[in-house]
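2 protein chains.
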Amino acid sequence: MNFSVSEENYIKSIYHLQQQTATVTTNSLANELRTKPASVTDMLKKLQTKQLVEYEKYRGFKLNATGNKIALGIVRRHRLWEFFLVNKLGFEWDKVHAIAEELEHVSSMELIKKLDAFLNFPQTDPHGDPIPDTNGKITVIKQLSLADIAVKKNVVVSSVSNQSPEMLEMLKHYHIGIGTSLKVNKHFTFDGSVEIKVVQQNPCVISEQVAKNIFVHHD
Amino acid sequence: MNFSVSEENYIKSIYHLQQQTATVTTNSLANELRTKPASVTDMLKKLQTKQLVEYEKYRGFKLNATGNKIALGIVRRHRLWEFFLVNKLGFEWDKVHAIAEELEHVSSMELIKKLDAFLNFPQTDPHGDPIPDTNGKITVIKQLSLADIAVKKNVVVSSVSNQSPEMLEMLKHYHIGIGTSLKVNKHFTFDGSVEIKVVQQNPCVISEQVAKNIFVHHD
DNA sequence: CATTTTTTTTAGATTTACCTAAATTTAAAT
DNA sequence: ATTTAAATTTAGGTAAATCTAAAAAAAATG
Numbered sequence: 001m002n003f004s005v006s007e008e009n010y011i012k013s014i015y016h017l018q019q020q021t022a023t024v025t026t027n028s029l030a031n032e033l034r035t036k037p038a039s040v041t042d043m044l045k046k047l048q049t050k051q052l053v054e055y056e057k058y059r060g061f062k063l064n065a066t067g068n069k070i071a072l073g074i075v076r077r078h079r080l081w082e083f084f085l086v087n088k089l090g091f092e093w094d095k096v097h098a099i100a101e102e103l104e105h106v107s108s109m110e111l112i113k114k115l116d117a118f119l120n121f122p123q124t125d126p127h128g129d130p131i132p133d134t135n136g137k138i139t140v141i142k143q144l145s146l147a148d149i150a151v152k153k154n155v156v157v158s159s160v161s162n163q164s165p166e167m168l169e170m171l172k173h174y175h176i177g178i179g180t181s182l183k184v185n186k187h188f189t190f191d192g193s194v195e196i197k198v199v200q201q202n203p204c205v206i207s208e209q210v211a212k213n214i215f216v217h218h219d
Numbered sequence: 220m221n222f223s224v225s226e227e228n229y230i231k232s233i234y235h236l237q238q239q240t241a242t243v244t245t246n247s248l249a250n251e252l253r254t255k256p257a258s259v260t261d262m263l264k265k266l267q268t269k270q271l272v273e274y275e276k277y278r279g280f281k282l283n284a285t286g287n288k289i290a291l292g293i294v295r296r297h298r299l300w301e302f303f304l305v306n307k308l309g310f311e312w313d314k315v316h317a318i319a320e321e322l323e324h325v326s327s328m329e330l331i332k333k334l335d336a337f338l339n340f341p342q343t344d345p346h347g348d349p350i351p352d353t354n355g356k357i358t359v360i361k362q363l364s365l366a367d368i369a370v371k372k373n374v375v376v377s378s379v380s381n382q383s384p385e386m387l388e389m390l391k392h393y394h395i396g397i398g399t400s401l402k403v404n405k406h407f408t409f410d411g412s413v414e415i416k417v418v419q420q421n422p423c424v425i426s427e428q429v430a431k432n433i434f435v436h437h438d
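Residue numbers (the working numbering), protein chains in the order written: chain A, 1 to 219; chain B, 220 to 438.
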């Protein structure tokens with residue numbers, strides 16, 4: 001089956017919201033899509049008749065198996081394009097989201113297959129998020145945010161969950177990117193801020209808000 | 220100003236039809252876009268209020284200077300993407316048109332600028348058609364079709380005007396591509412067919428219809 | 001637990017890009 | 001120069017995706 005750009009955006013947003021809460025509300029989706037709740041209700045009826053969501057009036061909704069697979073296809077396209085934009089065209093990683101948002105809707109199977117090969121079958125996008133495979137299988141790596149990491153452990157940054165230009169500009173300032181090695185010196189219980197030591201950099205303090213968005217794994 | 224995908228498609232099609240006839244008719248545009256004449260009239264009123272076309276009721280229309288510049292921007296994007304698809308992703312040149320048709324509407328200046336640099340500033344697309352520069356300047360190369368070439372002159376294929384899969388499949392069979400050297404052995408006046416000799420191939424006869432679509436320049 | 005607040009849905013409009021069918025204008029043909 | 005044919009436009013309508021305002025349902029609160 002074929003989907004409109006609008007339908008694909010709804011499916012993708014439901015998918016992303018489900019990473020936080022198993023069932024998604026009308027308001028939260030309207031907020032995510034910068035649209036109005038009434039519009040969400042309209043579209044959800046449509047997605048329901050197309051058998052992509054489980055939806056009960058006033059009770060929220062979630063993608064069913066079919067919807068999930070379609071969402072993963074969109075996510076795959078988005079992340080492959082982001083990889084292309086950063087690693088081939090030389091974009092900064094805080095500038096690619098909006099462009100990938102357009103490219104992801106280009107609907108050729110063959111294109112994505114060849115793009116994947118051209119990029120050498122990357123496993124993660126420039127923010128460290130895993131790229132689903134052709135069958136919609138996604139390798140979720142268990143990861144902890146810097147807010148939850150014990151002091152003195154050497155860790156490697158594996159992904160950054162907030163991809164806003166503001167956040168990514170700040171990371172650049174701290175010399176933090178995917179693959180950066182660092183350790184936590186201290187957790188300040190007063191405000192949750194964290195002192196970290198990035199290799200070859202002076203120690204610095206980051207706010208709790210920042211720490212919660214930086215995910216790491218042990219090396 | 221910003222244009223919808225539909226508006227862009229109309230602008231691009233008017234541009235292409237103007238290569239043949241200075242002024243374009245409602246029917247020919249409807250035919251090109253596989254839509255109905257009434258829809259063309261609707262859209263043309265819109266393009267007129269947006270000051271992109273000169274349009275007089277019942278008299279046909281053409282792009283004005285602004286419209287032309289926008290058309291050349293779209294053509295530029297289309298041809299850069301075609302170059303990318305063939306020379307980077309390894310598509311056959313008869314498979315790229317439909318995909319480039321989608322990619323051309325992705326609306327980031329920065330994307331096209333960086334894509335152009337990544338491709339090393341190509342001058343022509345895979346069919347030999349020139350790629351307009353950033354300012355909408357296009358270098359039109361004076362070229363003759365095989366139907367108009369004198370016998371025994373060595374020529375090089377510079378472009379192919381019909382990009383249908385059927386045509387391009389046939390060219391592959393004759394071992395003809397952009398840059399191929401060949402000469403005309405004979406013009407048959409009976410049906411306009413042409414015997415040609417492609418280097419390292421046996422002589423063969425192509426129909427007038429094919430000959431008229433293959434453009435060459437002297438080497 | 002009744003009531004206020006919040007969330008969600010319905011009802012009815014709007015915009016864009018189409019369409020069909022009928023009317024109008026232009027072009028062609030006898 | 002009429003008449004016929006073809007091309008174009010108008011009129012009115014549809015589907016997709018929005019919206020606002022009002023109604024209905026669920027959740028929160030005193």
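Note that beta-carbon positions come from the ideal geometry of N, C-alpha and C, so glycine has one too. None of these values were measured; they are calculated from a predicted model.
With a threshold of 16 other beta carbon atoms within 10 Å, A:PRO203 falls short and is exposed. At the C-beta level, A:LEU103 and B:VAL325 come within 7 Å of one another. Excluding sequence positions up to five before and after B:THR399, its CB lies within less than 8 Å of the CB of VAL375, VAL376, VAL417, VAL418, all in the same chain and listed in chain order. Secondary structure of A:LEU63 (DSSP, three-state): strand. At least 7 Å separates the beta-carbon of B:VAL305 from that of B:PRO351. Look at A:THR25 here: in three-state DSSP terms it is coil, with no helix or strand label. Secondary structure within the segment 246-329 of chain B: the alpha helix (DSSP H) runs of 4 or more consecutive residues, fully enclosed, are 256-268, 284-306, 316-322 (chain order). With contacts defined as CB atoms closer than 7 Å, A:SER13 and A:LEU29 qualify as a contacting pair. Setting aside the 5 residues that flank it on each side, A:LEU17 is surrounded in the same chain by VAL24, SER28, LEU29, GLU32, each with a C-beta closer than 7 Å to its C-beta; the list follows chain order. Its Cα nearest to that of B:PRO349, the residue B:ARG296 stands out among B:ALA336, B:ARG296, B:HIS394. Contact annotation: the segment 379-388 of chain B touches the segment 425-438 of chain B, with at least three C-beta pairs closer than 8 Å.
Spanning the alpha carbons of B:VAL424 and B:GLY411 requires a straight line of approximately 11 Å. With respect to the 7 Å criterion, A:LEU89 and B:LYS333 are classified as neighbours on the basis of their beta carbons. DSSP lists no beta-bridge partner residue for B:VAL359.
In terms of Cβ geometry, B:ALA290 and B:TYR234 form a close pair [threshold 7 Å]. Note on A:LYS183: 16 or more other CB atoms within 10 angstroms of its CB, so buried under the neighbour-count rule. By the rule that beta-carbons nearer than 7 Å mark a contact, B:PHE303 does not touch chain A. Close partners of A:LYS88 in chain B (Cβ separation under 7 Å): PHE337.
DSSP places B:VAL429 in the uninterrupted alpha helix (DSSP H) bounded by 427-430. With a threshold of 7 Å between beta carbons, A:VAL96 makes no contact with chain B. Following the DSSP letters along the chain, one finds B:VAL379 inside the beta strand (DSSP E) bounded by residues 373-379. Straight across, the Cα-Cα distance linking B:HIS406 with B:SER426 is about 10 Å. Interface residue (Cβ-Cβ distance to chain B less than 7 Å): A:GLU101 is not classified as such.
Scanning chain B for C-beta atoms nearer than 7 Å to the C-beta of A:PHE91 yields LYS333, reported in chain order. In summary, B:ASN228 is buried, with 16 or more beta-carbon neighbours lying within 10 Å of its beta-carbon over all protein chains present. Beta-bridge pairing by DSSP links A:LYS197 to A:LYS183. Under the criterion of beta carbons closer than 8 Å, A:LYS62 and A:GLU56 do not qualify as touching, at roughly 10 Å.
One Cα belongs to B:ALA257, the other to B:SER327, and the distance between them is close to 32 Å. If you look at A:HIS16, you'll find it in the alpha helix (DSSP H) that goes 5-18. Note that the C-beta distance between B:GLN362 and B:HIS437 is not below 7 Å. If you check each beta-carbon in the segment 387-406 of chain B against every beta-carbon of chain A, none falls closer than 8 Å. Between the alpha carbons of A:ALA147 and B:LYS356 lies a distance of about 55 Å.
When Cβ-Cβ separations below 7 Å define contact, B:SER225 makes no contact with chain A.
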